[in-house]
Each structure stands twice: as C-alpha cells, then as structure tokens.
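J.: Starting off with a structure, shown below.
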Amino acid sequence: MTPYEQKALYEVVAWKRKVNQRSNLFQRLSKKAQTKINSLIPVQVHHFITESIRKLVQVTLFGSEYTTKAKDVGQLTLEEREHQVARTLEVYTRTAIIEGASTGAAGLLIGLADFPLLLTIKMKFLFEVASIYGFDVKQYEERLFILHVFQLAFSSDEHQRDLLHTMEQWDAHKDELQAVDWQKLQQEYRDYIDLTKMLQLVPGIGAIVGAYANNKLLQHLGETAMNAYRLRLFNLEGK
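Residue numbering for the sequence shown follows this note's numbering, beginning at 58 and increasing consecutively.
Printed below as a string of structure tokens:
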C-alpha cells in the first residue's frame, strides 16, 4: 500500500468507529425536540416533502436523468481520484449554499422548493463520486449502493449501523439486495434534517440558515461518500 492508501485506510477505520458510536446526549435531546416540532408542522408540508423524496428515489433507481458519463479513471491512483472527489465536492457545495440562501430568503412557498432542489444536488454529487471511483452508475446495483450511501449519511444511529454492516458485505451479497425501502429512507432523511431545514422557512433568518445548513449537509455527505467508497475498494482489493 502507498502512504496515501495507508492514511485513507486509517481514516476509514476511524470513520467506521464513529458511525458505530451512540449519539451524544445533546443529539438525543435535539431529536426529542425535533419530534415535538414535527408534530406542529402542517400535514401539507409533510406530504410535500415525502412526495419529493419518493419521486427522486424512483428516478434514481429507474430513470436516466442522473446517469453520469463514465470517467476514465482506470489508471488513476486513489489519491488522484480523491483529488477529483474533493474538487467535485467544492463545486456542489457552492451550488447548495447558493440554492439554500436563495430559497431561504424567498419565503415559505419558495422555501419549500429547497427540499427537492437540495435532494437533486446531493444525488447528482453521489453519482459523480461513484463514477470517479470507477463504478458504472448505469448498473442498477450501483444506483442501489448510491442510495445506501445517501441513507448512511442521513439516518438515525441504529439504521446507520445496519446500513454499514450491509455495505461492508456489499459485493458478496449485492445480488440479494434488489429493492430499497423508500418509506424508511424518506422518514429517516426527514427526521435527520427537519429541524434545521424547517428553520430555513422562518422569515428573516431563512437565507442564513439555508446557506449554513446546506454547506454542513454537503460536507457531511462528502465525508460519508468518500469513506463508503474507500471501504468498498479496500474490500475488493483485500485490504
């Protein structure tokens, strides 16, 4: 292994340890507060968000909208690929920040548009990352893996641990994993981001909250995606 690969492997081990840890007291209290706030949100808002997530999941699995052009990365080292991933993350993060600030400043109705727009940004980013690491996103199983990465980034502690276990054994059992529980996916995603993103709909602070939240969410997704694909590659190479 090269020094960079050794460093990456160490970071994957540390990341796995973090994923398997229980959330701290502050995060658990925040979860309870979030549940209470969610009960006060109009049903129409919940329905809009749920439908946005469901439709995007269906497009991701079966449509061609997110098909990314295959990249010639066969001769690139892991370090070179991850430089490309870092540059890609910068581009998508800037886009998400601008989108969050714009929709957050525009009021309730336009602010609701942030949910499908941000989902689209996240999915496009994940497709780009998968392609940079050398995986064919036209294949159904690779799209399914992308959805697992997405869920791993935006789910509860218990579901994250289950997902990580599945992804560690992915290439040995991927033929058995032919479906995704979209209801579980959308509920976990909403529970993860609702409190922050609902504040984006508050007049006067929406733009600031939107920009900050989208930046943090994209950075978190980038870390998760990079380590998930590192884990996949290291397993394939027997490292």
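From the three backbone atoms N, C-alpha and C, an ideal C-beta is built for every residue, glycine too.
Keep in mind it's a predicted model, so treat the numbers as computed, not measured.
Could you check if K75 is buried or exposed, using at least 16 other CB atoms within 10 Å of its CB as the buried criterion?
T.: Per the 10 Å Cβ criterion, exposed.
J.: If we call anything under 7 Å between Cβ atoms a contact, is T281 one with A210?
T.: Yes, the pair counts as a contact, with Cβ atoms nearer than the cut-off.
J.: For the putative contact between G279 and L146, defined by C-beta atoms under 8 Å, what is the C-beta separation to the nearest angstrom?
T.: Right, their Cβ atoms sit about 4 Å apart.
J.: How should R144 be labelled, buried or exposed, when 16 other C-beta atoms within 10 angstroms of its C-beta is the threshold for buried?
T.: By the neighbour-count rule (16 or more Cβ atoms within 10 Å), R144 is not buried but exposed.
J.: For L166, I'd like the list of residues in its chain whose CB is within less than 8 Å of its CB, leaving aside the five on either flank, ordered along the chain.
T.: A caution first: L166 carries a pLDDT of 49, below 50, which makes its placement in the model too unreliable to give a value.
J.: Using the rule of at least 16 other Cβ atoms within 10 Å of the residue's Cβ for burial, across every protein chain shown, is I189 buried or exposed?
T.: Under this definition I189 is a buried residue.
J.: Tell me which residues share the same chain as L288 and place their Cβ nearer than 8 Å to its Cβ, disregarding the 5 neighbours each side in the sequence.
T.: So the list reads V69, K73, M224 and E225, once near-sequence residues are dropped.
J.: I think T117 touches L204, with their Cβ atoms under 8 Å apart; what is that distance to the nearest whole Å?
T.: That belief holds up - the Cβ atoms of T117 and L204 are roughly 6 Å apart, short of 8 Å.
J.: Determine the direct distance from the alpha carbon of R218 to that of N77, and round the result to whole angstroms.
T.: Taking the straight line joining both Cα atoms gives about 6 Å.
J.: Taking 7 Å as the threshold (C-beta atoms), are K195 and T124 in contact?
T.: Yes, the Cβ-Cβ distance between T124 and K195 is below 7 Å.
J.: At what residues does the alpha helix (DSSP H) containing F207 begin and finish?
T.: Taken as a continuous stretch (DSSP letters only), the alpha helix (DSSP H) holding F207 covers Y197 to A210.
J.: Whole angstroms is fine: what's the gap from T59's alpha carbon to L290's?
T.: Going from the Cα of T59 to the Cα of L290 covers about 14 Å.
J.: Starting from T223, trace the alpha helix (DSSP H) both ways and give me its first and last residue.
T.: Unbroken alpha helix (DSSP H) run through T223: D214 to E225.
J.: Give a yes or no on whether the C-beta atoms belonging to Q243 and T150 are separated by under 7 Å.
T.: No. Outside cutoff.
J.: Would you say I154 and A268 are within 7 Å of each other, going by their C-beta atoms?
T.: For I154 and A268, yes; Cβs fall inside 7 Å.
J.: For a test of the three-state rule: what should DSSP assign to K73, helix, strand or coil?
T.: In the structure shown, K73 sits in a helix (DSSP, three-state: H, G or I).
J.: Just confirm the distance between the C-beta atoms of M135 and E199, as a whole number of angstroms; I'd bet it's less than 8 Å.
T.: Position check: residue 135 holds Leu in this sequence, whereas Met was assumed. Contact doesn't hold; Cβ gap of about 19 Å is too wide.
J.: Relative to the alpha-carbon of A65, which residue among H216, R138 and L274 has its alpha-carbon at the smallest distance?
T.: Residue R138 is the option with its Cα nearest to A65.
J.: Cα separation between H140 and Q101?
T.: Straight-line Cα distance between these residues: approximately 42 Å.
J.: For V194, name the three-state secondary structure that DSSP assigns.
T.: The answer is coil: DSSP assigns V194 none of H, G, I, E or B.
J.: Given G191, which residues of its chain have a CB within under 6 Å of its CB, disregarding the five upstream and five downstream residues?
T.: Cβ within range, chain order: V130.
J.: How many angstroms separate the CA atom of Y197 from the CA atom of Y286?
T.: Cα to Cα, Y197 sits roughly 17 Å from Y286.
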